[in-house]
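Peer 1:
Residue numbers (this note's numbering): 1 to 773.
(1) Just verifying my parser: in three-state terms, what is the DSSP assignment at residue 320?
(2) So, for residue 352: in the same chain, excluding its five sequence neighbours on each side, which residues have a beta-carbon less than 6 Å away from its beta-carbon?
(3) Which first and last residues belong to the alpha helix (DSSP H) in which residue 307 is found?
(4) Can you confirm whether the segment 611-630 touches the segment 446-460 when touching is taken to mean that 3 or more C-beta pairs between the two stretches lie within less than 8 Å?
(5) Tell me, which residues are paired with residue 593 by DSSP?
(6) Whole angstroms are fine: how far does the CA of residue 729 sit from the CA of residue 750?
(7) With a cut-off of 8 Å, do at least 3 Cβ pairs link the segment 43-50 to the segment 148-163?
(8) What distance in whole Å lies between the Cβ atoms of residue 695 and residue 777, which are believed to be in contact at a cut-off of 8 Å?
(9) Give the C-beta separation of residue 539 and residue 569 to the nearest angstrom, bearing in mind that I take them to be a contact with Cβ-Cβ under 8 Å.
(10) Could you pull out every residue in the same chain whose Cβ sits closer than 7 Å to the Cβ of residue 413, ignoring the five residues on either side in sequence?
(11) Please go through the same chain and pick out, in chain order, the residues whose beta-carbon is closer than 8 Å to the beta-carbon of residue 156, but skip the five residues on each side of it.
(12) Out of 404, 311 and 471, state which residue places its alpha-carbon closest to the alpha-carbon of residue 410.
(13) If you follow the alpha helix (DSSP H) that residue 687 is part of, which residue opens it and which one closes it?
(14) Rank 153, 529 and 429 by C-alpha distance to the C-alpha of residue 402 and give the top, closest one.
(15) Can you tell me whether DSSP reads residue 792 as helix, strand or coil?
(16) Which term fits residue 688, buried or exposed, when burial requires 16 or more other beta carbons within 10 angstroms of its beta carbon?
(17) To the nearest angstrom, report how far apart residue 504 and residue 454 are at their CA atoms.
(18) Can you tell me which of 180, 169 and 53 puts its alpha carbon nearest to the alpha carbon of residue 135?
(19) Among 672, 680 and 719, which has the Cα closest to the Cα of residue 761?
(20) Helix, strand or coil: how does DSSP classify residue 141 here?
(21) How big is the Cα-Cα spacing for residue 330 and residue 323?
(22) In this structure, does DSSP put residue 121 in helix, strand or coil?
(23) Can you give me the C-alpha to C-alpha distance between residue 633 and residue 767, rounded to a whole angstrom?
(24) What residue range does the alpha helix (DSSP H) around residue 541 cover?
(25) Along the chain, where does the alpha helix (DSSP H) containing residue 713 start, and where does it finish?
(26) Measure the alpha-carbon distance for residue 644 versus residue 635 and round it to whole angstroms.
(27) Once the 5 residues before and after residue 365 are set aside, which same chain residues still bring their CB inside 8 Å of it?
(28) In terms of DSSP beta bridges, what is residue 386 paired with?
(29) Helix, strand or coil, according to DSSP, for residue 208 in the structure here?
(30) In its own chain, which residues sit with a C-beta less than 7 Å from the C-beta of residue 326, not counting the 5 before and 5 after it?
(31) According to DSSP, which residues form a beta bridge with residue 802?
(32) In the DSSP assignment, what residue or residues form a beta bridge with residue 557?
(33) Drop a sphere of 10 angstroms on the beta-carbon of residue 14, count the other beta-carbons inside from all chains shown, and report buried for 16 or more, exposed for fewer.
(34) Please confirm whether residue 517 and residue 467 have their CB atoms less than 8 Å apart.
(35) According to DSSP, is residue 510 part of a helix, a strand, or is it coil?
(36) Starting from residue 697, trace the alpha helix (DSSP H) in both directions and tell me its first and last residue.
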């Protein structure tokens, strides 16, 4: 606040306010004094009325009792007069009425000075003489009391006037304050509020008013409004990309000016960064389209890529090398160049570690040269030649797999966003080159897989024939087994049969032998062969010798008794049984009952010879049976081994093919002519975002909108969309259906192969979009 506004407030507000305030104080001071005077008068009136009452009492007593009553009340009147004297001494109005009261006091002193006891009482006349002074005193007290009441009434009016004056002055004081606040403070503040509100809108504030208090504020407000208008205009220009504002004027515009200046610098950086992002996005889109459209031809892709990339990054020369094999050694082969000298590369191949390009291929790190040596390279036109300022050599890597080298030469140094763009583009180029090589490798693998499938089919046919022969052999064996089963049944019925292990323990005995000897199957584990037989005059060594001869594979014949209560003679034939290795693993006993022969040997010689003939036949049959069994066992074992080997070869070949297809970077999906998916590799899982467990065994049209139709006896596959159809061939661009129902643009190559009477289809799928970020 300046001196002018301070002086204005003093003369217009503080000085009148101080005068009214002092006037109010004076009026209330007068009111207070009038009330003190009124209180003093009331005290005097009360005292005088009390003296007057005493005088009235004396007068009444004097009339009744005569002069003798005066001394009796003289003390009371004296005390009343003393009280009035005390009130007059301390009263502020005593000076005005002291003279009148002095007359009353002197009169009473004269009356009290008379010795009324010495004055003879003469009846009514003496009482009248004594009462006359008292009446005079009463009149004087009455006149004094009237004067005091008149003064009291006048003082009351004066107090009322002082009160009214004080109230009026207070109202004036409040009115003056309200007028000043309203006229000089509130109204200008309202106008100031309107002008400040105008700063928040497009309306400029009005000029300063005539109020001297707020004139400096209005001036500052006007300056602030003009400065804000300038800052708003500058901010609008910055938003439109105009950064030509005066830096000094913005700097002198205070905090907001500093903020706008900082905003201008940030927006300038933002516009530059946005321009670089748009440039990078445009390049990504342009070269992604080029990679997709020319991704089927390696030479066309490389030439188109270099011819468009060099002008796009404002370079002057460029060359593209990709990996190749030369004499079983990996080298870099020049595939495309732009504005390059012919003598720069005398050969089209560079080995790893040879020159700068070979060094980058070996270390897989980008190389930037800003100090180009003399004679390394020159850029020429029709007007002259000059060496470049910067050479950039980038390795082409896709998933850390080296695919080639890109070399660019320019008259300017590459900026950071250009290097970042080229790095991302190099990954896309490497990925496309890898996909092209993968597609070629996949075709070769597919041809090999088809050849392997044909070979497997031939092996399966051969295995089928071997299986049929084996089944025929098994059928012949079954028939022989039936014949031998009948033969053994007849032998079990007519002869005693038993089997022993190499230690002589009983393994089996037929029912006839069990019935005669009296044994059961539970006794086999604890029963030896010599416990069934009784051989007279045989020692333990003889028994052991018999077992040793049998273990050597030599049959033995023996006549002996069965261990029964009755004498039962048998003629036993012990025949060793060989396993598939030619080793004896058990002994078979065939015995006939020769009890009657022994009892009447002579009578039954013919019968004994016949039995011997039967035994000889049985032995021959047994040998033939064992030989046939051994031969069949060997052929069956060989057939099983051959079948197992062929099955293992088929399984290994199948696993190899599946591993090859599983490692393919393209999605591989196999399905039969009914549209049922039979194979779904890992790359296909990533493309469709679906698990093979959810896909294998399902219909192919859940993944690709196709239908299978038979034409001329052969199934054909067509892509169907919106009622239109088209045949699927090599690298056909079609939309796929992901697990979430979204469409995915992809390149699809479909192959067909016939296995026996069934057709199998294999689709190789590659996503069209190249992931760069």
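We put the CB at the ideal spot given by N, CA and C, even for glycine.
Peer 2: Working from what's here:
(1) strand
(2) 358, 361 and 362
(3) 298-312
(4) no
(5) 570
(6) 6 Å
(7) yes
(8) A query on residue 777 cannot be resolved here, the shown segment of the chain reaching from 1 to 773 and no further.
(9) Actually they are not in contact, since the Cβ atoms of residue 539 and residue 569 sit about 21 Å apart, beyond 8 Å.
(10) 370, 389 and 390
(11) 34 and 38
(12) 311
(13) 682-688
(14) 429
(15) Here the chain comprises residues numbered 1 to 773, so residue 792 is not present and cannot be evaluated.
(16) buried
(17) 58 Å
(18) 53
(19) 672
(20) helix
(21) 7 Å
(22) Bear in mind that the predicted position of residue 121 carries a pLDDT of just 49, short of 50, making it unreliable; the figure below should be weighed with that in mind. Note: residue 121 maps to coil in three-state DSSP.
(23) 58 Å
(24) 540-551
(25) Here residue 713 belongs to no alpha helix (DSSP H), and DSSP marks it neither H nor E.
(26) 14 Å
(27) 395
(28) 379
(29) Low per-residue confidence applies at residue 208: pLDDT is 46, beneath 50, and the placement is therefore not dependable, though the value from the model is reported in the following sentence. Looking at residue 208 - three-state DSSP - the assignment turns out to be coil, as it is neither helix nor strand.
(30) 349
(31) A question about residue 802 goes unanswered here, because the residues of the chain that appear run from 1 up to 773.
(32) 573
(33) exposed
(34) no
(35) coil
(36) First-last for residue 697: undefined, no H or E at that position.
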